[in-house]
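Novice: Last residue of the sequence shown: 1235 (this note's numbering), numbering continuous.
Please find one structure pasted underneath; my questions will follow.
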Amino acid sequence: MADHDLATMRIALAEAQAAARRGEVPVGAVVLDPASGRVIASAANGPIGAHDPSAHAEILALRAAGSALGSYRLTGLTLVVTLEPCAMCAGAISHARIGRLVFGAEDPKGGAVVNGPRFFEQRTCHWRPGVEGGVLANQSAELLQAFFRARRGAAT
1080 MADHDLATMR
1090 IALAEAQAAA
1100 RRGEVPVGAV
1110 VLDPASGRVI
1120 ASAANGPIGA
1130 HDPSAHAEIL
1140 ALRAAGSALG
1150 SYRLTGLTLV
1160 VTLEPCAMCA
1170 GAISHARIGR
1180 LVFGAEDPKG
1190 GAVVNGPRFF
1200 EQRTCHWRPG
1210 VEGGVLANQS
1220 AELLQAFFRA
1230 RRGAAT
């Protein structure tokens, strides 16, 4: 685990909490320059409010980082996200040439990195970041579980 991982994951968790307050699934993401420790961009899940199925936290953070840096290639940067990315987000991570992916909780149903299709292990994947999972996984999982418990309770 790199020096910046825990601090950066705490920023991602704060983004996830902001998403939950807006009624979005609590996932947060941060793009970090590991050489300087500078946060380039951060974002929270937003598909519901944006009426955009692609507005996952990872996609929004990658878009913001690309805009901030004036490039669609984010080579050498680290993406820190509270939940294992789905196939769509894994594809975007590969296209952006992210150097390293750090995630919190695994997603056995929707994840595509260590679960499901294992996107980065596919022969057709042209760019594979380094991957580290499980960083503050319990906090990430608890936030998601509390969110869905509250939604189920509100539905009854």
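Glycine residues also receive a C-beta, built at the ideal position from the N, C-alpha and C atoms.
Here the structure is a predicted model, which is why all the values come from computation and not from measurement.
Just to check my reading of the structure: L1092 and L1222 have Cβ atoms closer than 8 Å, yes? What is that Cβ distance to the nearest angstrom?
Specialist: Sure, about 7 Å apart at Cβ, within 8 Å.
Novice: By DSSP, does R1179 sit in helix, in strand, or in coil?
Specialist: Looking at R1179 - three-state DSSP - the assignment turns out to be strand.
Novice: Can you list, in chain order, the residues of its chain whose CB lies under 6 Å from that of C1165, leaving out five sequence neighbours each side?
Specialist: Within the same chain, C1165 has close Cβ partners G1189, A1191.
Novice: Give the straight-line distance between the Cα atoms of V1243 and R1202, rounded to the nearest whole angstrom.
Specialist: One cannot answer for residue 1243 here, as it falls past the ends of the chain, which runs 1080 to 1235.
Novice: I'd like to know whether the C-beta atoms of Y1151 and A1175 end up nearer to each other than 8 Å.
Specialist: Yes, the Cβ-Cβ distance between Y1151 and A1175 is below 8 Å.
Novice: With distances taken between CB atoms, is the gap from A1144 to L1162 smaller than 8 Å?
Specialist: Cβ atoms of A1144 and L1162: not closer than 8 Å.
Novice: What number of angstroms, rounded off, separates the C-alpha of L1141 from the C-alpha of G1212?
Specialist: Spanning the two alpha carbons is a distance of roughly 19 Å.
Novice: Alpha carbons only, please: which of G1125, P1208, S1219 is nearest the one belonging to L1153?
Specialist: Considering only alpha carbons, the answer is P1208.
Novice: Taking C-alpha atoms, which residue in P1196, L1180, R1179, V1181 lies nearest to P1187?
Specialist: The option with the nearest alpha carbon to P1187 is P1196.
Novice: On the CB-based measure, 16 or more other CB atoms within 10 Å of its CB, does G1183 come out buried or exposed?
Specialist: So G1183 counts as buried.
Novice: I need the DSSP call for A1081, collapsed to helix, strand or coil.
Specialist: It is coil, neither helix nor strand.
Novice: Any idea what DSSP makes of L1223, helix, strand or coil?
Specialist: The answer is helix: DSSP assigns L1223 an H, G or I state.
Novice: How is the beta strand (DSSP E) around A1123 delimited, first residue to last?
Specialist: Where A1123 is concerned, the enclosing beta strand (DSSP E) stretches over 1117-1123.
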